[in-house]
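In this note's numbering, the protein residues as written are 2 to 294. All C-beta atoms in this analysis are idealised placements derived from N, C-alpha and C, irrespective of residue type, glycine included. Computed from a predicted structure; not experimentally measured.
Here you go:
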């Protein structure tokens with residue numbers, strides 16, 4: 002059985018929203034009891050990476066999970082398609098929900114059957130994607146960028162974006178084989194900071210690295226190679242407009258990408274450790290490149 006119309010209201014009298022955007026403008030909330038309701042199509046099988054990859058980008062959507070992430074998506078100007086939440090969370094989200102996007106509520110067991118997992122945050126939203134800028138436009142407005150090759154682990158990707166936002170990286174460029182920054186797990190791990198960092202695909206790969214160099218950047222290839230320059234010993238000129246090149250977990254950078262770089266750099270290690278997780282390595286090098294800001 003599916004709720005056919007508004008059966009509840011968000012923002013009832015006496016409820017104080019956290020950040021009121023539309024006081025005295027209640028938003029209809031539609032209760033849904035059937036997990037196969039076609040109106041919830043955007044939220045089906047959220048744990049199936051292959052299915053979501055085939056569904057989300059071609060349909061121009063992405064999923065935000067959790068109130069903080071949802072708020073940051075709205076603040077960044079992304080337009081919601083719909084909201085889906087545990088009905089018990091309705092009042093706390095009164096200021097978020099927009100009459101232009103339908104808002105659906107369901108019991109926790111229905112949410113789990115729709116999405117494929119227990120939605121313990123109780124808040125999901127489907128958003129419209131925006132056209133990506135070109136790599137040249139991003140480079141024109143940046144002083145320090147990260148370039149990722151084959152980073153296809155969504156957790157690592159989200160953590161890199163969060164570190165980039167926190168530690169002074171202006172933009173991220175992705176090889177065509179990188180994971181989708183707007184995949185739900187990447188967005189969640191980034192705590193919504195993926196919305197704060199411009200990104201684009203750098204194509205063809207790795208030939209387009211020459212365009213980065215032509216734009217005035219020094220391409221720094223991060224590698225555990227013993228003949229690489231310790232990151233803290235880079236010359237000022239090499240640090241001034243830095244493009245930090247990072248490879249996938251385990252495999253690292255391809256030799257072709259290394260050849261297209263200007264300088265090979267290393268994070269000095271102790272106790273025989275040969276490398277760090279790529280997200281941790283990114284954070285260390287981001288901080289080092291910006292420590293004199």
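- About 6 Å separates the CB atoms of residue 71 and residue 97; that is less than 8 Å, so the two are in contact.
- When the five nearest sequence neighbours on each side are left out, the beta carbons in the same chain lying within less than 7 Å of the beta carbon of residue 275 are those of 225, in order along the chain.
- Judged by DSSP secondary structure, residue 219 falls within the beta strand (DSSP E) whose first and last residues are 219-223.
- Contact annotation: the segment 173-192 does not touch the segment 215-231, with fewer than three C-beta pairs closer than 8 Å.
- Annotated three-state conformation of residue 242 is coil, per DSSP.
- A distance of 8 Å or more separates the beta carbons of residue 194 and residue 172.
- Excluding its 5 nearest sequence neighbours in each direction, residue 83 has C-beta neighbours in its own chain below 6 Å: 102, 103 and 127, listed in chain order.
- Each of 147, 200, 129 and 86 was checked against the Cα of residue 136, and the nearest Cα belongs to 200.
- With a contact defined as Cβ atoms closer than 8 Å, residue 139 and residue 174 qualify at about 7 Å.
- Note that the segment 242-256 does not touch the segment 114-132; fewer than 3 beta-carbon pairs, one per stretch, sit closer than 8 Å.
- The C-beta of residue 211 has fewer than 16 other C-beta atoms within 10 Å across all chains shown, which makes the residue exposed.
- For residue 162, no beta strand (DSSP E) segment is defined; the enclosing uninterrupted segment is the alpha helix (DSSP H) at 155-167.
- Per the coordinates, the alpha-carbon of residue 262 lies some 6 Å from the alpha-carbon of residue 221.
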